[in-house]
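This is how it looks when you write it as structure tokens:
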């Protein structure tokens with residue numbers, strides 16, 4: 004099994020709607036992972052090297068802060084890093 008796309012919703016309070024979303028995908032055979040961050044203010048697209056652990060970890064930091072709404076602890080960032088590892092080489 005190979006994961007090629009994942010959609011995430013940001014942190015939300017009970018009964019509320021998330022304000023931030025992310026779509027992560029990688030086309031098989033491509034060298035880059037595409038991460039799209041979506042919010043009320045628009046969307047930003049990031050290209051991440053699938054074989055670069057530092058680049059992927061940096062993207063995990065950005066994802067965590069965007070979706071959780073605050074700068075997180077190392078373990079919080081690692082939760083997102085583990086998700087992104089599904090798309091790595």
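In my numbering, the protein residues as written are 4 to 92.
C-beta: ideal position from N, C-alpha, C; glycine also.
Please read all numbers here as calculations on a predicted model, not as lab measurements.
| Asked | Found |
| --- | --- |
| From residue 10 to residue 47, what distance separates their C-alpha atoms? | 15 Å |
| Got a sec, what are the start and stop residues for the beta strand (DSSP E) residue 47 sits in? | 45-52 |
| What separation, rounded to the nearest whole angstrom, lies between the Cα atoms of residue 82 and residue 18? | 24 Å |
| What are the boundary residues of the alpha helix (DSSP H) that includes residue 80? | 77-88 |
| Thinking C-beta only, is residue 69 closer than 8 Å to residue 12? | no |
| Sort out for me which residues DSSP pairs residue 25 with in a bridge. | 11, 40 |
| Between the alpha carbons of residue 59 and residue 22, how many angstroms are there, rounded? | 23 Å |
| May I ask you to list the residues that DSSP assigns as paired with residue 35? | 52 |
| If we call anything under 8 Å between Cβ atoms a contact, is residue 80 one with residue 64? | yes |
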